[in-house]
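Colleague: For reference, each letter of the sequence shown is one residue, going 16 to 305 in my numbering. Note that beta-carbon positions come from the ideal geometry of N, C-alpha and C, so glycine has one too. Quick one: this structure, given as structure tokens, is what I'll be asking you about.
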Amino acid sequence: MLKSMTGFGKSVAKLENKLVTVEIRSLNNKQLDLTLRLPPLLRDNEPGIRAAIGRVVERGKVELTISIDFTGSELPATINRPVATAFYNELKSLAAELGASNQDLLSMVMKMPEVTRLSKDEISESEWNLIFAALEEALEQLDEFRKHEGNLLEQDFILRINTIQSLLKEVEPFEQQRNTELREKLRSSFADFIENNTFDANRFEQEIIYYLEKLDITEEKVRLAKHCNYFLDTINENLSNGRKLSFVSQEIGREINTLGSKANNADIQKLVVKMKDELEKIKEQLANIL
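Next comes the structure, spelled out in structure tokens:
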């Protein structure tokens, strides 16, 4: 079963005077790269949040955002009136001195440091349990999203590996034709050489054997078929093995390249090009697999 590293999950927890929204999204990455955006009220709970994510997400670029909207009548922050008044008077005096407009001074004052202060509020244990439940629900959605995306990629991989295997079977008739043409060419060259030269028969035989072995593609075909079957077997394992599949795809590519370099036949080369095209599309998508 494959899992994509791309996913999204969202959940909402309704508390007394608060509405907590949990959003988590992930993209592909070689390692676990976790970014947390937490409100000040949840800073002390960061270790537990990280541990919960680590149990579900093995690797990927993960971004978690938890936001709190206050729905009650009590304000979550207070205004430091003496500081705000002092800033306002200073700005008003400066504007008059410079002959500048004193409009929107209040909005400028509110952006000054120490003007607003968060109320000393704390999350109770019961509230934290509800928030943590929302986090787990968002993580479950993320995991299901990854499974769904992984299933789609799995079907695509199987289709493309099957295509490579079909193309490999198409090589055989062209290989037989190639061998026939090669033998005829060697016979002709051999006859011309005997007629016009004296030579060492043993050395000539060794050269012929070396030449034929160099062009033989039997081993490449066997290894390519085994690697394709191993790729399919790995897909059917219980765990998502993106790294393992990437390694197997490299081995498949190596055999396809060797097959192409030894083919010495235009029709086989065309089949090799098609195999490479299918494999490249597999490699592109493997970057998204966990």
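To the nearest angstrom, how far is the alpha carbon of Val-288 from that of Lys-236?
Modeller: Taking the sequence shown and counting its residues from 1, the one referred to as residue 288 is at position 273. Taking the sequence shown and counting its residues from 1, the one referred to as residue 236 is at position 221. In a straight line, the C-alpha of Val-288 is about 15 Å away from that of Lys-236.
Colleague: Rounded to whole angstroms, what is the Cα-Cα separation between Ile-304 and Asn-166?
Modeller: Stepping through the sequence shown from its first residue, residue 304 is reached at position 289. Stepping through the sequence shown from its first residue, residue 166 is reached at position 151. The straight-line gap from Cα to Cα measures roughly 10 Å.
Colleague: Can you tell me which of Asn-253, Met-20, Val-35 and Asp-158 puts its alpha carbon nearest to the alpha carbon of Ser-26?
Modeller: Translated into positions along the sequence shown, residue 26 becomes position 11. Per the Cα distances, Val-35.
Colleague: Between the region 117-132 and the region 96-106, do three or more beta carbon pairs fall short of 8 Å?
Modeller: Cβ pair count under 8 Å is three or more, so yes.
Colleague: Taking Gly-24 and Ala-153 to be in contact with their CB atoms under 8 Å, please state how far apart those CB atoms are, rounded to whole angstroms.
Modeller: As a first step, residue 24 is located in the sequence shown; it is residue number 9 there, counting from the start. As a first step, residue 153 is located in the sequence shown; it is residue number 138 there, counting from the start. Correct: roughly 4 Å between the Cβ atoms.
Colleague: State the start and end residues of the unbroken alpha helix (DSSP H) segment that holds Ser-264.
Modeller: Numbered from its first residue, the sequence shown carries residue 264 at position 249. Unbroken alpha helix (DSSP H) run through Ser-264: 257-278.
Colleague: Let's see if you can read the secondary structure: which residues bound the beta strand (DSSP E) around Ala-115?
Modeller: Indexing the sequence shown from 1 puts residue 115 at position 100. That residue, Ala-115, is in no beta strand (DSSP E); it is neither H nor E in DSSP.
Colleague: As a quick exercise: from Gln-192, Leu-183, Glu-293 and Ser-139, pick the residue whose alpha carbon is nearest that of Asp-340.
Modeller: With the chain covering only 16 through 305, there is no way to say anything about residue 340.
Colleague: Taking the straight line between their C-alpha atoms, what separation do you get for Thr-100 and Pro-54?
Modeller: The residue you call residue 100 lines up with position 85 of the sequence shown. The residue you call residue 54 lines up with position 39 of the sequence shown. When rounded, the distance between both Cα atoms is 28 Å.
Colleague: In this structure, does DSSP put Lys-76 in helix, strand or coil?
Modeller: As a working note, residue 76 is residue 61 in the sequence shown. Strand, per DSSP.
Colleague: Kindly indicate which three-state DSSP category Glu-129 falls into: helix, strand or coil?
Modeller: Locating residue 129 in the sequence shown gives position 114, counting from the first residue. Looking at Glu-129 - three-state DSSP - the assignment turns out to be coil, as it is neither helix nor strand.
Colleague: Asn-253 and Met-16 look like a contact to me (Cβ under 8 Å); what is the Cβ gap, rounded to whole Å?
Modeller: Counting from one through the sequence shown, the residue named residue 253 turns up at place 238. Counting from one through the sequence shown, the residue named residue 16 turns up at place 1. About 6 Å; that satisfies the 8 Å criterion.
Colleague: Measuring only the C-alpha atoms, how far is Phe-102 from Ile-83?
Modeller: Taking the first residue of the sequence shown as position 1, residue 102 is located at position 87. Taking the first residue of the sequence shown as position 1, residue 83 is located at position 68. For Phe-102 and Ile-83, the distance between alpha carbons rounds to 29 Å.
Colleague: Since Asn-44 and Arg-74 are thought to touch, with beta carbons under 8 Å apart, how far apart are those beta carbons, to the nearest angstrom?
Modeller: As a first step, residue 44 is located in the sequence shown; it is residue number 29 there, counting from the start. As a first step, residue 74 is located in the sequence shown; it is residue number 59 there, counting from the start. That belief holds up - the Cβ atoms of Asn-44 and Arg-74 are roughly 6 Å apart, short of 8 Å.
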